[in-house]
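Taking our numbering, I'd label the letters of the sequence shown as residues 78 to 524. All C-beta atoms, glycine included, are put in the ideal place defined by N, C-alpha and C. A short write-up of the structure that comes next.
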Amino acid sequence: MIPLFLTCKYLIPYTYIYKKAVLIKKYLFKIKQMPNHDVSFTNEEKRVVIYSGSDKSTVPSKVTPDTPLEELNLNWREKDLPERERTKHVHRLHPYLGKFIPQLVEIFLRKYFHPGQTVCDPFSGSGTTLVQANELGINSVGSDISAFNVILTRAKITHYNLNIVNREILDILAKTAQATQPDANSDQPSLFLLEERKPKYATSNEEYLKQWFAPQALQELLVYRDQIHNYEYQDILRVILSRSARSARLTTHFDLDFPKAPQTEPYWCYKHSRTCIPITQAYPFLRRYSFDTIQRIEEFSALRTDATALVHHEDSRVAYIPPVDGVITSPPYVGLINYHEQHRYAYSLLGIEDKSEEEIGPAYRGTNQKAQDEYQIAIADVFRRVSHVMPAGGYLIVVASDKYGLYDKISQLCGVEVEAIINRHVNRRTGRRSNEFYESVFIWRKP
Ligand SMILES: C[S@@+](CC[C@H](N)C(=O)[O-])C[C@H]1O[C@@H](n2cnc3c(N)ncnc32)[C@H](O)[C@@H]1O
Numbered sequence: 078m079i080p081l082f083l084t085c086k087y088l089i090p091y092t093y094i095y096k097k098a099v100l101i102k103k104y105l106f107k108i109k110q111m112p113n114h115d116v117s118f119t120n121e122e123k124r125v126v127i128y129s130g131s132d133k134s135t136v137p138s139k140v141t142p143d144t145p146l147e148e149l150n151l152n153w154r155e156k157d158l159p160e161r162e163r164t165k166h167v168h169r170l171h172p173y174l175g176k177f178i179p180q181l182v183e184i185f186l187r188k189y190f191h192p193g194q195t196v197c198d199p200f201s202g203s204g205t206t207l208v209q210a211n212e213l214g215i216n217s218v219g220s221d222i223s224a225f226n227v228i229l230t231r232a233k234i235t236h237y238n239l240n241i242v243n244r245e246i247l248d249i250l251a252k253t254a255q256a257t258q259p260d261a262n263s264d265q266p267s268l269f270l271l272e273e274r275k276p277k278y279a280t281s282n283e284e285y286l287k288q289w290f291a292p293q294a295l296q297e298l299l300v301y302r303d304q305i306h307n308y309e310y311q312d313i314l315r316v317i318l319s320r321s322a323r324s325a326r327l328t329t330h331f332d333l334d335f336p337k338a339p340q341t342e343p344y345w346c347y348k349h350s351r352t353c354i355p356i357t358q359a360y361p362f363l364r365r366y367s368f369d370t371i372q373r374i375e376e377f378s379a380l381r382t383d384a385t386a387l388v389h390h391e392d393s394r395v396a397y398i399p400p401v402d403g404v405i406t407s408p409p410y411v412g413l414i415n416y417h418e419q420h421r422y423a424y425s426l427l428g429i430e431d432k433s434e435e436e437i438g439p440a441y442r443g444t445n446q447k448a449q450d451e452y453q454i455a456i457a458d459v460f461r462r463v464s465h466v467m468p469a470g471g472y473l474i475v476v477a478s479d480k481y482g483l484y485d486k487i488s489q490l491c492g493v494e495v496e497a498i499i500n501r502h503v504n505r506r507t508g509r510r511s512n513e514f515y516e517s518v519f520i521w522r523k524p
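And the structure:
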């Protein structure tokens, strides 16, 4: 017989601890069961049973039109496809949430397209399909409702004169240094922007900018921004500016994707396990990303072909789409991301057009039944329009996480034949997230 006071004070915690212990034991047992249990797995990979088999993941360059779909294994582990390959050359010009990995696109380009054909991506985002198509000599056309995404895509696919683009990137950087760094020849960033050096034109009334940047960081960004119009390759300079602005915001290091409020005081940083202080300067980022961009452009220019790549800033429900041979795309998910909002700093700095009202399935509209119904109609609308300009037998490859089971109806609404659906684990590389995440590759054919 346990006294009542003991039940309250000790028994409940004891039951709790016991249950936890059983769970941990089960979890350890599950890991031991995995035949391929390997110390080089990430924490997440150790939890995902899909990686326990001996099947090797597909090597994109080996895929041909004859590779059977059943042979494709799209569940790459970190060691199969390390980050430096997923973010090769221009794919890492700027962070972008919701991008698909280039190797997935490469596989389906190799399987269903050949050089000289044209692929369409009606939700082209950061331009992954267009860049990969160009590498393989396949023409491409894309559209996106977010102006910043279109700038980013254009910056990636532009066929640069390397001498000119390198000279321009270094010239605007040097001029920004002269205007904002007391000792422009020193590698050490200055601590103060001298009052008399503040250019008259570098002021901003925009509330967002004043709120999210320290005064000196904002001055440096504005000085850079106000010179961009002097150069030929303006999009690549806008991308360097935006990437630097993203890093220079008054945010914590561990919440760069969705910061809630400006961080103006020192804080405990979960990423670095120490106290960190908010960023006060943008120039060091402008400098670092300028050199990184030059290198990435050079790497891609050694691989690129003369295939054409065009991107339009338009709503795909109404955009003009030229004749194309097929589609590879990943549509926005329902109620998950506000695509304009994720680059709010770029919209504020660059003063570019905001069409967030025309986004399909934005997070702010939620995931209720009405949002799901509208989403299905809108996505089907886009695919119906693209399939009109495709030949019979052409393929539409659609990568989506179909959490709400919406894509069966979408395929019916747009009148395509479902040839196959491949599910793949999305390896999120860090062990921080507890839930496993899967997405589907829908392989549809125009009848
Ligand atoms: C999942 S992302 C695409 C990511 C892309 N596959 C990549 O690798 O970067 C979906 C994209 O659809 C765009 N989008 C949303 N509504 C749109 C619309 N009505 N017309 C065109 N694009 C739209 C968003 O701006 C976003 O860039």
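Measuring only from the beta carbon, is residue i closer than 8 Å to any heavy atom that is part of ligand 1?
i, result
"Asp221", "yes"
"Asn226", "yes"
"Arg571", "The structure shown does not extend to residue 571, since the chain is modelled only from 78 through 524, so no value can be given for it."
"Ile437", "yes"
"Lys188", "no"
"Val459", "yes"
"Asp431", "no"
"Ala455", "yes"
"Gly202", "yes"
"Thr341", "no"
"Lys523", "no"
"Gly403", "no"
"Asp369", "no"
"Glu155", "no"
"Thr205", "yes"
"Tyr416", "yes"
Give a yes or no on whether the C-beta atoms belonging to residue i and residue j are separated by under 9 Å.
i, j, result
"Thr385", "Leu170", "no"
"Ala423", "Ser319", "yes"
"Gln340", "Pro355", "yes"
"Arg231", "Val388", "yes"
"Glu297", "Gln358", "yes"
"Leu149", "Ile184", "yes"
"Ser223", "His349", "no"
"Glu376", "His166", "yes"
"Ile414", "Leu174", "yes"
"Leu250", "Arg364", "yes"
"Tyr347", "Gln258", "no"
"Tyr314", "Phe290", "The question names Tyr, but residue 314 is Leu in the sequence shown. No, these two residues do not count as a Cβ contact at 9 Å."
"Arg154", "Ser138", "no"
"Ile37", "Leu239", "Lying before the first or after the last residue shown, residue 37 is absent from the chain, which here runs from 78 to 524."
"Val495", "Phe460", "no"
"Leu286", "Pro172", "no"
"His390", "Asp221", "yes"
"His502", "Tyr484", "no"
Check the C-beta distance from residue i over to residue j and give it rounded, since I have them as a contact under 8 Å.
i, j, result
"Pro179", "Thr141", "Between Thr141 and Pro179 the Cβ distance is about 18 Å, and since that is not below 8 Å, they are no contact."
"Thr406", "Phe190", "Rounded, the Cβ-Cβ distance is 13 Å, inconsistent with contact."
"Tyr452", "Ile437", "6 Å"
"Val411", "Thr195", "No, Val411 and Thr195 are not in contact; Cβ-Cβ is about 29 Å, not under 8 Å."
"Lys252", "Gln304", "6 Å"
"Val316", "Leu380", "Actually they are not in contact, since the Cβ atoms of Val316 and Leu380 sit about 19 Å apart, beyond 8 Å."
"Ile429", "Phe225", "6 Å"
Quick one: Cα of residue i to Cα of residue j, how far?
i, j, result
"Cys491", "Phe177", "23 Å"
"Gly202", "Ile234", "13 Å"
"Leu299", "Ala256", "11 Å"
"Pro336", "Ala325", "13 Å"
"Leu427", "Thr144", "45 Å"
"Pro408", "Ser367", "31 Å"
"Glu245", "Gln288", "30 Å"
"Ile520", "Lys486", "14 Å"
"Gly443", "Gly482", "16 Å"
"Pro468", "Gly403", "8 Å"
"Lys188", "Thr164", "22 Å"
State yes or no: is the C-beta of residue i nearer than 8 Å to some heavy atom of ligand 3?
i, result
"Gly412", "Among the ligands in the structure shown, ligand 3 does not appear; only ligand 1 can be found there."
Length-filtered (3 minimum) beta strand (DSSP E) runs lying within the stretch 200–233:
216–221
Which full runs of the alpha helix (DSSP H) of 4+ residues lie inside the stretch 317–360, going along the chain?
none
Run through the stretch 423–507 for me and flag every whole alpha helix (DSSP H) of 4 or more residues, listed as ranges in chain order.
446–465, 484–490
Which residue spans inside the stretch 373–424 form an unbroken beta strand (DSSP E) run of at least 3?
For secondary structure counted as the beta strand (DSSP E) over 3 or more consecutive residues, the stretch 373–424 holds these complete runs in sequence order: 386–390, 403–406.
Please give the ranges of any alpha helix (DSSP H) in the stretch 129–189, keeping only runs that are unbroken, at least 4 residues long and fully inside the region.
160–163, 179–189
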